[in-house]
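Undergrad: Chains as they are written, first to last, in the working numbering: chain A, 1439 to 1531; chain B, 1439 to 1531; chain C, 2 to 149; chain D, 2 to 149. Just passing along the structure, written as structure tokens.
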Amino acid sequence: MRDSTDSVVRLRLVYLARLREAFSSAGEALSLADEAPTVADVVASLRARGNVWAAELAPGRAVRFAVNHRLVRVDHTLADGDEVAIFPPVTGG
Amino acid sequence: MRDSTDSVVRLRLVYLARLREAFSSAGEALSLADEAPTVADVVASLRARGNVWAAELAPGRAVRFAVNHRLVRVDHTLADGDEVAIFPPVTGG
Amino acid sequence: MPVRVQTEDFDAGREIARLRAEDRGVGAVAAFIGTVRDVNAGAGVDTMTLEHYPGMTESALEDIVAEAKRHFAVRDVLVVHRVGTLGPGDQIVLVVVTGAHRGAAFDACEFTMDRLKTRAPFWKKERGEHGERWVEARASDDEAAARW
Amino acid sequence: MPVRVQTEDFDAGREIARLRAEDRGVGAVAAFIGTVRDVNAGAGVDTMTLEHYPGMTESALEDIVAEAKRHFAVRDVLVVHRVGTLGPGDQIVLVVVTGAHRGAAFDACEFTMDRLKTRAPFWKKERGEHGERWVEARASDDEAAARW
């Protein structure tokens, strides 16, 4: 599954809860042509689609991230093959 | 049950747990010839018996008091007919 | 009845279910169960006998429950305390608190236990490898009760 | 298994009994049950649907349990969390902590709930008189989690 080209990072994106509904998608594959992209780069890439993507991921909206099932900050650096989940603040319990 | 003489206060004493065992008694009647005796007066009266009474109620021993089923301090003033319980610090739960 | 003193064991699950039944405003249940450990102060324990002060016990517990309800935004409080002779693993006390939110439920449950440990007339006597001895009150219980 | 995610209901009494069974060093059991209220933010609730992030959920809960065991002098911790569609009065989550003494058991139980509320990937969607809406995270949950 890993790409032989160093400069492309292939990611599996997962959208959950309100974002899954807003995006009408549970997730997708995304490739970034970047040496060491961060979660912020993923967010910027999605925002550039405009519409609901720009609205839900607008600066100031509370969004959380997990990479390979661990909560991370937006400056977390991604590696080829990472699963990046994007979701609203959790409300279980 | 109330005494017609103002200057005598009749009390029902109750001994519990370690004190009941030490005194070999679950309780007794005690009358104090005093206008407004306090719990401290009861303790002094019992201490004067010497032996185990003086030992268990010696100053510095942790002893608790309840009058008519309410925890009170040693300076609590007693009335005729009161039930005065004397016991070690509680250890339930 | 918000408080019960009994020799019989209790079923914590059933007591919890009963307390929150029919109250759809409950969002949080905090519960505590105190049990007999097989070791206390480093010595093995075979049996634990709980003595109380009949007459005072229920009113002391009712006062504690009333105080917990007054101090915390909770819906209901239950205390069940056993007396008599118990063995290691046996249940001694149950406190259940229901509330709309968890913070007040936790606080009221811990408050009730802290007060019970210093104000309810129960005494424990252990029998074990050391022979027979009355359990001493712990300074940490006074400190816990003084927090509130 | 210290954590379970399931659609089925749980029996709090049985889970508590199971966790403390065979451990005679347990003197204190603190438990919490979260339930569906019939009202939230002033509006009536008919159903509550819990969504989660399969794969991450269990590991997030296991991390929380491990953290609770590391930070507090407790013996065991259990978390059971339901997913799917529930109604008012239904049980959502159970946390049980066993320990030698009550202070650490209470703390670890509250810590586990506070962490779960801010770090475990569950989301609630309500259906009721207001229609359908995702429950918003509460600032008080962040504050509660920040205490530890």
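From the three backbone atoms N, C-alpha and C, an ideal C-beta is built for every residue, glycine too. This structure is a prediction, so every number in the text was calculated from the model and none was measured.
1) In the DSSP assignment, find the unbroken beta strand (DSSP E) run with Phe123 of chain D in it and report its ends.
2) Out of C:Val27, C:Ile93 and C:Cys110, point me to the one whose CA is closest to Glu68 of chain C's CA.
3) By the 10 Å Cβ neighbour count, where 16 or more other Cβ atoms means buried, how is His131 of chain C classified, buried or exposed?
4) Taking CB distances under 9 Å as the criterion, tell me whether Asp1441 of chain A reaches chain D.
5) According to DSSP, is Arg1499 of chain A helix, strand or coil?
6) Which one or two residues does DSSP pair with Leu87 of chain D in a beta bridge?
7) Given this structure, state the Cα-to-Cα distance separating Ala147 of chain C from Ser141 of chain C, to the nearest angstrom.
8) In chain order, what residues of the same chain have a beta carbon less than 6 Å from the beta carbon of Asp1441 of chain A, not counting five sequence neighbours either side?
9) Which residues, in order along the region 97-131 of chain D, keep a beta-carbon less than 7 Å from a beta-carbon of chain A?
10) Using Cβ-Cβ distances below 9 Å, what residues of the region 9-22 of chain D are close to chain C?
11) Quick one: using the 10 Å Cβ neighbour count with 16 as the cut-off for buried, is Thr8 of chain C buried or exposed?
12) Taking all protein chains shown into account, decide if Glu1473 of chain B is buried (16 or more other Cβ within 10 angstroms of its Cβ) or exposed.
13) Quick check on DSSP: helix, strand or coil for Gly1531 of chain A?
14) Could you check the C-alpha separation between Asp12 of chain D and Ile93 of chain D for me, to the nearest Å?
15) Pairs of beta-carbons, one from the region 39-46 of chain C and one from the region 112-119 of chain D, closer than 8 Å: are there three or more?
16) Note down the Cα distance separating Arg1450 of chain B from Gly85 of chain C, rounded to an integer number of angstroms.
17) Terminal residues of the continuous beta strand (DSSP E) containing Gly35 of chain D?
18) Enumerate in chain order the residues of its own chain whose CB-to-CB distance from Leu1457 of chain A is below 8 Å, with the five nearest sequence positions on each side excluded.
19) If we count the other Cβ atoms within 10 Å of its Cβ and call it buried at 16 or more, is Trp149 of chain C buried or exposed?
20) Is Leu87 of chain C near Gly1530 of chain B, with beta carbons less than 9 Å apart?
21) Go ahead and label Gly104 of chain D buried or exposed: buried means 16 or more other beta carbons lie within 10 angstroms of its beta carbon, across all protein chains shown.
22) Going by C-alpha distance, which of C:Val96, C:Ile34, C:Asp39 and C:Met49 is nearest Leu20 of chain C?
23) For Val1 of chain D and chain C, any beta-carbon pair shorter than 9 Å?
24) By DSSP, does Ser141 of chain C sit in helix, in strand, or in coil?
25) Taking buried to mean at least 16 other C-beta atoms within 10 Å of its own C-beta, is Glu59 of chain D buried or exposed?
26) So what's Glu9 of chain D in DSSP terms, helix, strand or just coil?
27) With H, G and I counted as helix, E and B as strand and the rest as coil, what does DSSP make of Ser72 of chain D?
28) Does the beta carbon of Val66 of chain C sit closer than 9 Å to a beta carbon anywhere in chain D?
29) At the level of alpha carbons, what is the spacing between Val1522 of chain A and Tyr54 of chain D?
30) Name the two residues that bound the continuous alpha helix (DSSP H) containing Leu1516 of chain B.
31) Is the CB of Thr48 of chain D under 9 Å away from at least one CB in chain C?
32) Quick check: is the beta carbon of Arg1456 of chain A nearer than 9 Å to any beta carbon in chain D?
TA: With the given structure in hand:
1) For Phe123 of chain D, the uninterrupted beta strand (DSSP E) run begins and ends at Phe123 to Gly129, by DSSP.
2) C:Cys110
3) exposed
4) Any answer about Asp1441 of chain A is weak, because its pLDDT of 48 lies below 50 and its placement is not dependable; what the coordinates show is given next. Not an interface residue.
5) coil
6) D:Met49
7) 10 Å
8) For Asp1441 of chain A, the predicted model reports a pLDDT of 48, less than 50, meaning its position is unreliable and no value from the coordinates is stated.
9) Met114, Leu117, Lys118, Thr119, Arg120, Ala121, Pro122, Phe123, Trp124 and Lys125
10) From the region 9-22 of chain D, only Asp12, Ala13, Gly14, Arg15, Glu16, Ile17, Ala18, Arg21 and Ala22 have a Cβ closer than 9 Å to chain C.
11) exposed
12) exposed
13) coil
14) 12 Å
15) no
16) 25 Å
17) Ala29 to Thr36
18) Glu1494, Val1501, Ile1524, Phe1525 and Pro1526
19) exposed
20) no
21) buried
22) C:Val96
23) Since the first residue of chain D shown is 2 and the last is 149, residue 1 of chain D is not available in this structure.
24) Per DSSP, reduced to three states, the secondary structure at Ser141 of chain C is helical.
25) The C-beta of Glu59 of chain D has 16 or more other C-beta atoms within 10 Å across all chains shown, which makes the residue buried.
26) Coil.
27) Looking at the sequence shown, residue 72 of chain D is not Ser but His. In this structure, His72 of chain D counts as helix in the three-state DSSP scheme.
28) no
29) 12 Å
30) Element bounds for Leu1516 of chain B: n/a, residue is neither H nor E.
31) Not closer than 9 Å to any Cβ of chain C, the Cβ of Thr48 of chain D fails to qualify, so no.
32) yes
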